[in-house]
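Visitor: Numbering (the working numbering), first residue to last: 22 to 327.
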Amino acid sequence: MKQFIFFDFEMLCREEGMPFSNMEGIRLGAVKYDLNKEDITYFDRYIQPKQLQPLSSFCINLTKIKDEDLVKASRFPVVFQEFLNWVGNLEESRFFSWAKNDLTRLELDASIHHIPQQTITTIKSRYVDFQALFSKRVAKVNPSVENALALYNLRFEGEKHNPMYDAYNTLRIYLAFSKDVHKSDLIMLKQFIFNDQEINPLTNINTELKRYVLTDIHQLMTEVPIITNIRTTRKLVKRTMKLVKKYENIQINRSRIFDEEILLYVRLLVEFYNELLISYKEHFSNGCKIVILHEHMPLPLKRLTA
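1. On the DSSP letters alone, give me the boundaries of the beta strand (DSSP E) that Arg66 sits inside.
2. Considering only DSSP beta bridges, list what Val312 is partnered with.
3. Whole beta strand (DSSP E) runs in the segment 264 to 317 with 3 or more residues, listed along the chain?
4. Sorted by chain position, which residues of the same chain lie with C-beta nearer than 7 Å to Arg35's C-beta, five sequence neighbours on each side aside?
5. Exposed or buried, what is Glu45 when buried is set at 16 or more other beta-carbons lying within 10 Å of its beta-carbon?
6. With H, G and I counted as helix, E and B as strand and the rest as coil, what does DSSP make of Arg96?
7. Would you say Phe25 and Arg126 are within 8 Å of each other, going by their C-beta atoms?
8. For Glu292, which residues in the same chain have their Cβ closer than 8 Å to its Cβ, ignoring the five residues on either side in sequence?
9. In whole angstroms, what separates the C-alpha of Phe101 from that of Ile86?
10. Please state the DSSP three-state secondary structure of Lys204.
11. Going by CA-CA distance only, name the one from Glu244, Trp119, Ala131 that's closest to Tyr195.
12. What residue range is occupied by the uninterrupted alpha helix (DSSP H) comprising Leu127?
13. Taking Cβ positions, are Met262 and Gly50 nearer each other than 8 Å?
Here is the structure:
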């Protein structure tokens, strides 16, 4: 892997909405980040859509794209080939966008213009929905680019709704996420666990975390019967899954701020959830109305709160 490609489309749009399949790309912007040199190069092209009609005033105001920009622009196959030439070796690249809509747009427009599927498949195999990854690891919700930047006390740079600048700012979020791992983990704690409360830098984070985790585990264990019905077990699975999503990022521990004790707590919680899920699926697939859990399953967690 030698380079990261962050890309973004502006698309046809109307205020009253339109089917996504008809929202052809009308501008493609991207940035290329060289992993060795850490330098950035840029790509920005207008695209003339097949359905070349006057843009709605809503679309012009939103995208700042004018009809004359598209009249003079090349069609998608030409722009896409220019993009591929600019990217270079696909096998040495990983592709990112902020939400999967951009990849879907690429696939649809490639299909409309009969672009070889092999090229699109190669890009798809090397693609990351960075908004989804960022939401899972840091933000909990699906934030906008502007809101994700704000988590790191950064502001959007460049012209909004210019896809090249959208791609560039997505890269900035990625660099903050990947390089400032301590900040990323603190944001994660605030978003997932501390309910958006500010974290006092003088506070022992692990002490606070243990209090939260043990309280949640204790409440969960009061709801774990050995014998129950399938509906109650399904509710228990969902409740445990929510707790796992709340705490699972601690296991990654990129910043190394979490101690071995809190890592053990989370590991035991995840192991309990996995065993519970397997047991539920086995009972459900066999049509059982009554669920009998193995006695050993909750024991490690119950010992934590004894």
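Even for Gly, the Cβ is constructed at its ideal location relative to N, Cα and C.
Guide: Reading from the atomic positions:
1. It spans 61 to 69 - the beta strand (DSSP E) in which Arg66 sits, taken as one unbroken run.
2. Residue pairing of Val312 in beta bridges, as defined by DSSP: Thr249.
3. Fully contained in the segment 264 to 317 are the following beta strand (DSSP E) runs of length 3 or more, in chain order: 311 to 313.
4. Cβ neighbours of Arg35 beyond the five flanking positions: Ser77, Phe79, Cys80.
5. Buried, because 16 or more other Cβ atoms sit within 10 Å of the Cβ of Glu45.
6. DSSP, read as helix, strand or coil, puts Arg96 in strand.
7. The beta carbons of Phe25 and Arg126 sit no closer together than 8 Å.
8. If we look at Glu292 and ignore the five residues flanking it on each side, its Cβ neighbours are Pro321.
9. Each residue's alpha carbon lies about 19 Å from the other.
10. Here Lys204 sits in helix by DSSP.
11. Closest option to Tyr195, Cα to Cα, is Trp119.
12. In the DSSP assignment, Leu127 falls within the unbroken alpha helix (DSSP H) covering 122 to 133.
13. Not in contact: Met262 and Gly50 (Cβ atoms no closer than 8 Å).
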